[in-house]
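Chains as they are written, first to last, in the numbering used here: chain F, -18 to 285; chain X, -5 to 311. The beta-carbon is built from N, C-alpha and C at its ideal position, and this holds for glycine as well.
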């Protein structure tokens, strides 16, 4: 199998994915969410709203022509904040999943292909990370003092660095599933004849790993990465809700819920919308991931 | 079997030892200096007191000797004092652990009682309407943010209907068993919903796989009814991998516990960890995190043990 076609979903796999009812629903939801988040500036322009302007005269107002979903506790437009929060949550979720997948792939392929001591050390390391309680660990990582790591705390004042910090801390603990799956796939591939013949012809290990192993672990990699996005969005929102993830004034669905907590009895809709958005997004990724799992299954026909 | 168990225990202790170093290192990177914080909070402390405490806790010495010093006292049963409560860490850890165990086991049992039978139903109606519906419900449950579910439950049952209390483990001043149970209902519901989807999917997948085995076909061929095959032959075998996964899941259940306890103000280990980290209570955070890690490791050992006890083919090698 050559590298290029395996990287893309084959036509039949795509057909199987779109035949899978729930996966199709998930895919449609994802496309809609991405379009909505990406078109935030257009929607804001059309309604004359934005996510940051505070209007104390219009605090906690209900839906109106000026504010389609109403306003929050300092008069910021809820729809606009939901869309901007969506950009943050989707962006952080996807980027973190990719970084975690990259770490997991390198560790999984290296452990599976080289075997021996390297495999033992890397897998015990992976087991150790899995044994750590995930959310408390993320809380610790979120609370670390950048100054004690030799970083200038001022760099986290820029939006980009603040979001990069969250991507890094979640990716640092989120790569273990990918690493295990990729290692398992590598173990079955490295004994195949085409790998053996490449080795016999003197291909260096790095070349074998990149040219022959990697393209053939792409299927489990795509499935695991897609399924991980949902989990990562849940972790990021929980962390932001607890005040250790995305920090205000950058809106994220998690930190919007923290603010809504105080308005719970008077304005329940503030607590409703961000939660619904998290739920729909995570559900969409899970449905697509499950559909991909079936569609990319080498046996082809498994559907459950 | 006992040799294998011993081997697993030793392995877990080694992992725990390594992780204790990792956690110790991370806690040291949190903001603030515990001695300075203590001095700021008590005006009668003199500069000599501060210096003496710094020497006592080894602040300023390099990481590894400092860690070994901590490890030595920890192994001797001395985990230091909590900054938030002023009590020894061991005394501070005790009551929340009991509350968390009550919360985790209640929700585990509730989730299992609902999810496992439904998982069996889904598997037996594989690819029919009931299966699709249950599978979608499981996916929905997996995709719900726990803290949001907790918020919605409080909004409906505590604020609007005023049926159940919003937070805590009991009404201040004590209120007996019924009062404690009323405080458990909402946190257990939030946590059980989180586990429900996972358990249903595990049970369903295990049952579908088992129903495809040759010996199921044999039992059917010999005239056993579909119902009898499912309940007498398949279920017992399908429960083996499910038991294993439930024990392994204990660690991830703990992440849900942290969030649930934070929202409900439920004074368990999860909230304790959160409060300790946010309040710069180093000794307490360190000990509570180690406790959570040890719980996860014990879960994985129990999973291994359960697997070998339930499946005669495996044996505790």
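Buried versus exposed call for residue i [16 or more other C-beta atoms within 10 Å across all chains shown]
i             : result
residue 101/F : exposed
residue 134/F : exposed
residue 26/F  : exposed
residue 122/X : exposed
residue 247/F : exposed
residue 274/F : buried
residue 40/X  : exposed
residue 190/F : buried
residue 80/X  : exposed
residue 141/F : exposed
residue 67/X  : exposed
Any chain F beta carbon closer than 8 Å to residue i
i             : result
residue 157/X : no
residue 239/X : no
residue 267/X : yes
residue 109/X : no
residue 139/X : yes
residue 146/X : yes
residue 19/X  : no
residue 236/X : no
residue 15/X  : no
residue 12/X  : yes
residue 253/X : yes
residue 25/X  : yes
Three-state class that DSSP yields for residue i in the structure shown
i             : result
residue 282/F : Low confidence applies here, because residue 282/F scores a pLDDT of 45, under 50, leaving its location unreliable; read the following figure in that light. The answer is coil: DSSP assigns residue 282/F none of H, G, I, E or B.
residue 206/F : helix
residue 52/F  : strand
residue 200/F : helix
residue 298/X : helix
residue 178/F : helix
residue 58/F  : strand
residue 94/F  : helix
residue 260/X : coil
residue 152/X : helix
residue 76/X  : coil
residue 189/X : helix
residue 82/X  : strand
residue 129/F : helix
residue 226/F : coil
residue 275/F : helix
Pair within 8 Å by beta-carbon distance, residue i and residue j
i             : j             : result
residue 178/X : residue 96/X  : yes
residue 78/X  : residue 278/X : yes
residue 9/X   : residue 291/X : yes
residue 268/F : residue 7/F   : yes
residue 186/X : residue 104/X : yes
residue 270/X : residue 264/X : no
residue 129/X : residue 109/X : no
residue 123/F : residue 149/F : no
residue 172/F : residue 198/F : no
residue 81/F  : residue 17/F  : no
residue 53/F  : residue 240/F : yes
residue 218/X : residue 201/X : no
residue 116/F : residue 101/X : no
Rounded distance between the beta-carbons of residue j and residue i, thought under 8 Å
i             : j             : result
residue 23/F  : residue 258/F : About 19 Å separates the two Cβ atoms, so there is no contact after all.
residue 259/X : residue 137/X : The Cβ separation is near 26 Å, so there is no contact.
residue 194/X : residue 132/X : 4 Å
residue 276/F : residue -2/F  : 4 Å
residue 14/F  : residue 71/F  : 7 Å
residue 262/F : residue 78/F  : Not confirmed; about 13 Å, so no contact.
residue 90/X  : residue 266/X : 5 Å
residue 149/X : residue 245/F : 6 Å
residue 73/F  : residue 217/F : 5 Å
residue 18/X  : residue 61/X  : 5 Å
residue 198/X : residue 113/X : 4 Å
residue 160/F : residue 96/F  : Incorrect: roughly 15 Å between the Cβ atoms, too far for contact.
residue 21/F  : residue 68/F  : 6 Å
residue 233/F : residue 250/F : The pair is not a contact, with the Cβ atoms about 18 Å apart (cut-off 8 Å).
Any C-beta of chain X under 8 Å from that of residue i
i             : result
residue 260/F : yes
residue 281/F : With a pLDDT of only 45 at residue 281/F, under 50, the local geometry of the prediction cannot be trusted, and the value read off the model is given with reservation. So, not an interface residue.
residue -2/F  : no
residue -18/F : Confidence in residue -18/F is poor, its pLDDT being 40 and thus under 50, which makes the residue's placement unreliable; the coordinate value appears in the next sentence. Cβ-Cβ to chain X under 8 Å: no for residue -18/F.
residue 263/F : yes
residue 246/F : yes
residue 129/F : yes
residue 229/F : no
residue 100/F : no
residue 9/F   : no
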